[in-house]
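Chemist: I have a structure here, written as structure tokens, and I will follow up with some questions on it.
4 protein chains.
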Amino acid sequence: MSQTIVIEQLRSRGVEVDSIVDLVYQLQAPYHPGLTREECRESVMHVLAKREVMHAVVTGIAIDRLAEQGLLPQPLQTIMDRDEPLYGVDEILALAVTNVYGSIGLTNFGYLDKTKPGIIGELNRQPVHIHVFLDDLVAAIVAAASARFAHQHEARSYIESAPGVRDA
Amino acid sequence: MSQTIVIEQLRSRGVEVDSIVDLVYQLQAPYHPGLTREECRESVMHVLAKREVMHAVVTGIAIDRLAEQGLLPQPLQTIMDRDEPLYGVDEILALAVTNVYGSIGLTNFGYLDKTKPGIIGELNRQPVHIHVFLDDLVAAIVAAASARFAHQHEARSYIESAPGVRDA
Amino acid sequence: MSQTIVIEQLRSRGVEVDSIVDLVYQLQAPYHPGLTREECRESVMHVLAKREVMHAVVTGIAIDRLAEQGLLPQPLQTIMDRDEPLYGVDEILALAVTNVYGSIGLTNFGYLDKTKPGIIGELNRQPVHIHVFLDDLVAAIVAAASARFAHQHEARSYIESAPGVRDA
Amino acid sequence: MSQTIVIEQLRSRGVEVDSIVDLVYQLQAPYHPGLTREECRESVMHVLAKREVMHAVVTGIAIDRLAEQGLLPQPLQTIMDRDEPLYGVDEILALAVTNVYGSIGLTNFGYLDKTKPGIIGELNRQPVHIHVFLDDLVAAIVAAASARFAHQHEARSYIESAPGVRDA
């Protein structure tokens, strides 16, 4: 299974799938009484199986890792060392992850990236490692999993019941 | 001045530039002691002068307005009537606005769209008019103005001072 | 099936699924000896079943249609009447369609939008109807179907065979 | 001047500003009789001065360079070695560059990335170096410079002359 790579990469940087599932659950529970963690996990696993997600995650983590080792060419090493707030490439990669289940994930991504709950905040406060990309990527995975969840569960029958669809 | 069109369009739908300036000020004040509303207004006016912003705003407002009048072809009329949560085209237009000052605006857009402060919440709670696009567009304008502000004020001299830039 | 709506909408504006399949076939045949039109059609049908695609298509076609009827509020009506080259919202909607199978569709979208083969050129040269959105949407559907095709057929076993993946 | 960094980075990988100007000229000349190379160069220099462009270019070139040296963590090293066609992160970074002058650059980006004229093709055919990101970045810079050019030169007075703008 291709998620294996993403899961191993995330774990090697201190992020367990469980921490991601926690955030999806927190975000979705208010809207879905009776929601189980198992349903959230299923959505997360689907996101982690997407090729775009794997590619963004392995790229972002590679840059974080090389920055920690001081191996990046300049001026990228300096940008990463300072966690330059105007860098923006971390948000760009995160957007590619968020988009795997459509644009409705954008809102949750921004909210998570601003409020930094759970593991996202831990990555951010953490003094030794460089996580310029990783915290955004985790927020994006949570946002995408929530978007997928919304597509599965809130998909009401508006299509079939729309009046006048035939003569549109 | 081309902002005139955008300003008139927003006003015709109940959004004053002042309400947008309020949100930029709220969002940026914690990070910038001594920030004035005038500086925030300047950023907002720059955003409103961008052609992408004008095009997104006039398009979104046109669809909102036609939806209110019941003039949209099906199935779009039904989608708008229900404020279908999975529609997503509103977020897509908003993203185009947010991006005029780069990807760093994404986070603030999502945060505003989720927490709906000030005029964004008023548009949303408002029972008569249809504002499927407008609330997202306003959040995006605020996010873009904040991004521009960050580009202007936080742009530290990391470029000039980066060690080894020459041999990069 | 939800594609039905998209197929009907496209047909009502002069675009048959067959014309879309033709373009996918033309684009992919050089890379895949033995490719059948049936395989191309399958990819197109998958793209047309995506909710993002449906929403973008019904929105774009609604604006085209209302422009033709002169029913859009100003200044959007004028922008559409002139097929204003700097409008850009048509490309934004098209990008949302192209992205349903990831960023690799971007290249083909741009190529099709520039060279305008087959039905895309016909829509463009056509004197009576307004197709500001439709030609871009068709190019985007072809690009997305080609991207899906690439994901299905070119997906080599690079994941399983990558050396050192385990210790990454 | 901040373009200096981008110009040096591009040159260190075999791309002169002149080669980029050539492509902008080729792309725009058919539409603008009397166009000079100097006007094209001015647009290119504006694009290269944008912070998003600098960040995307230094990031993409860093990954190309580390791939050549075999220093990337797995599985990214393998993906880069194979120039994996489904990678997609190169297109994502390129999109961020293309977008600095709005979505109208998308079409030219795709066209250039598919037809690979001039320096783009040279980078691609070149047997020793790894240019997974660089060829896309150059195409994106050309597309953005062309978009800026269109904004400057084709901006007709549609705004001022639009009938009914006031009562929109």
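Residue numbers (our numbering), protein chains in the order written: chain A, 1438 to 1605; chain B, 1438 to 1605; chain C, 1438 to 1605; chain D, 1438 to 1605. From the three backbone atoms N, C-alpha and C, an ideal C-beta is built for every residue, glycine too.
Tell me, please, whether the CB atom of residue 1524 of chain C is closer than 8 Å to any CB atom in chain B?
Modeler: So, interface residue.
Chemist: Compute the beta-carbon to beta-carbon distance between residue 1576 of chain C and residue 1549 of chain C, rounded to the nearest angstrom, for a pair I have assumed lies under 8 Å.
Modeler: 4 Å between Cβ atoms; contact.
Chemist: For the region 1514-1528 of chain A and the region 1458-1469 of chain A, state whether three or more C-beta atom pairs, one from each stretch, are separated by less than 8 Å.
Modeler: No contact exists between the region 1514-1528 of chain A and the region 1458-1469 of chain A.
Chemist: Taking DSSP as the reference, what is the three-state secondary structure of residue 1524 of chain D?
Modeler: Reduced to three states, the DSSP call for residue 1524 of chain D is coil.
Chemist: Under a Cβ-count criterion, where at least 16 other Cβ atoms within 10 Å of its own Cβ denotes burial, should residue 1515 of chain C be classed as buried or exposed?
Modeler: Burial call: buried.
Chemist: Report the residue ranges of all beta strand (DSSP E) runs contained in full by the region 1528-1595 of chain C; include only those spanning at least 3 residues, in chain order.
Modeler: For the region 1528-1595 of chain C, not a single whole beta strand (DSSP E) run of length 3 or above is found.
Chemist: In whole angstroms, what separates the C-alpha of residue 1458 of chain C from that of residue 1557 of chain C?
Modeler: So the alpha carbons of these two residues sit roughly 12 Å apart.
Chemist: Short of 7 Å in beta carbon distance, which residues of its chain neighbour residue 1538 of chain A, apart from the five on each side in sequence? Order them along the chain.
Modeler: Contacts found: 1581, 1584, 1585, 1588.
Chemist: Nearest chain B C-beta to residue 1536 of chain D closer than 8 Å, yes or no?
Modeler: Chain B contact via Cβ: present.
Chemist: Would residue 1594 of chain A be called buried (16 or more neighbouring beta carbons within 10 Å of its own) or exposed?
Modeler: Residue placement at residue 1594 of chain A is poorly supported in this model, since its pLDDT is 35, which falls under 50; the coordinates are not used for a value here.
Chemist: At a CB distance below 9 Å, what residues from the region 1541-1572 of chain C approach chain D? Give them in sequence order.
Modeler: Cβ contacts with chain D: 1541, 1542, 1543, 1544, 1545, 1546, 1547, 1548, 1549, 1550, 1551, 1552.
Chemist: Below 8 Å on the Cβ atoms is my contact criterion, and I expect residue 1494 of chain C with residue 1565 of chain C to pass it. Report the Cβ-Cβ distance as a whole number of Å.
Modeler: Going by Cβ atoms, the distance from residue 1494 of chain C to residue 1565 of chain C rounds to 21 Å, so no, they are not a contact pair.
Chemist: Is residue 1561 of chain A buried or exposed, if buried means 16 or more other CB atoms sit within 10 Å of its CB?
Modeler: Exposed, since its Cβ has fewer than 16 Cβ neighbours within 10 Å.
Chemist: To which residues of the same chain is residue 1503 of chain C closer than 8 Å at the C-beta, ignoring the five residues directly before and after it?
Modeler: Closer than 8 Å at Cβ, skipping near neighbours: 1509.
Chemist: Between residue 1428 of chain A and chain C, is there a C-beta pair that is closer than 8 Å?
Modeler: Only positions 1438 to 1605 of chain A appear in the structure, and residue 1428 of chain A is not among them; the question remains open.
Chemist: How is the alpha helix (DSSP H) around residue 1476 of chain B delimited, first residue to last?
Modeler: Looking at the DSSP string, the run of the alpha helix (DSSP H) that includes residue 1476 of chain B is 1474-1485.
Chemist: Is the distance from the Cβ of residue 1525 of chain D to the Cβ of residue 1492 of chain A below 8 Å?
Modeler: In contact: residue 1525 of chain D and residue 1492 of chain A (Cβ atoms closer than 8 Å).
Chemist: On a Cα-Cα basis, can you pick out the residue from B:1441, B:1447, B:1439, B:1440 that is closest to residue 1568 of chain B?
Modeler: Minimum Cα distance to residue 1568 of chain B is reached at B:1447.
Chemist: Given a cut-off of 8 Å on the beta-carbon distance, is the pair residue 1513 of chain A and residue 1531 of chain D in contact?
Modeler: The answer is no: Cβ separation not under 8 Å.
Chemist: Using a C-beta cutoff of 8 Å, does residue 1539 of chain C count as contacting chain D?
Modeler: Answer yes: the Cβ-Cβ gap between residue 1539 of chain C and chain D drops below 8 Å somewhere.
Chemist: Please report the straight-line C-alpha distance between residue 1571 of chain C and residue 1490 of chain B, rounded to a whole angstrom.
Modeler: Rounded to the nearest angstrom, the two C-alpha atoms are 22 Å apart.
Chemist: Any Cβ of chain D within less than 8 Å of the Cβ of residue 1438 of chain A?
Modeler: Residue confidence for residue 1438 of chain A is low, a pLDDT of 45 falling below 50, so the modelled location carries little weight; the figure read from the coordinates is stated next. It does not: the Cβ of residue 1438 of chain A has no partner Cβ on chain D nearer than 8 Å.
Chemist: Under three-state DSSP, which class holds residue 1511 of chain A?
Modeler: Correct three-state label for residue 1511 of chain A: coil.
Chemist: Quick check on residue 1439 of chain D: does DSSP put it in helix, strand or coil?
Modeler: Of the three classes helix, strand and coil, the one that applies to residue 1439 of chain D here is coil, per DSSP.
Chemist: With respect to the alpha helix (DSSP H) encompassing residue 1505 of chain D, which residues constitute its N-terminal and C-terminal limits?
Modeler: That run of the alpha helix (DSSP H) goes 1488-1505.
Chemist: One question on the structure: do residue 1528 of chain B and residue 1455 of chain B come within less than 8 Å of each other, judged by their Cβ atoms?
Modeler: Against a cut-off of 8 Å, the Cβ pair of residue 1455 of chain B and residue 1528 of chain B comes out as no contact.
Chemist: Is there at least one Cβ from chain B nearer than 8 Å to residue 1529 of chain A's Cβ?
Modeler: Yes, contact with chain B.
Chemist: Name the chain A residues that come within less than 9 Å of residue 1532 of chain B, Cβ to Cβ?
Modeler: Neighbours of residue 1532 of chain B on chain A, chain order: 1532, 1540, 1543.
Chemist: If you reduce the DSSP assignment to three classes, tell me which class residue 1445 of chain D lands in.
Modeler: Helix, per DSSP.
Chemist: Taking residue 1496 of chain C as the query, report the chain B residues whose CB atoms sit under 8 Å from its CB, ordered along the chain.
Modeler: Those are 1500, 1513, 1526, listed as they occur along chain B.
Chemist: For the alpha helix (DSSP H) containing residue 1462 of chain C, list its first residue and its last residue.
Modeler: Where residue 1462 of chain C is concerned, the enclosing alpha helix (DSSP H) stretches over 1454-1465.
Chemist: Tell whether a beta-carbon distance below 8 Å holds between residue 1547 of chain A and residue 1460 of chain A.
Modeler: No, the pair does not count as a contact, with Cβ atoms beyond the cut-off.
Chemist: Could you give the distance in angstroms between the alpha-carbon of residue 1487 of chain A and the alpha-carbon of residue 1449 of chain B?
Modeler: About 44 Å.
Chemist: Is the beta carbon of residue 1545 of chain B less than 8 Å from the beta carbon of residue 1551 of chain A?
Modeler: Their beta carbons are under 8 Å apart, which means residue 1545 of chain B touches residue 1551 of chain A by this criterion.
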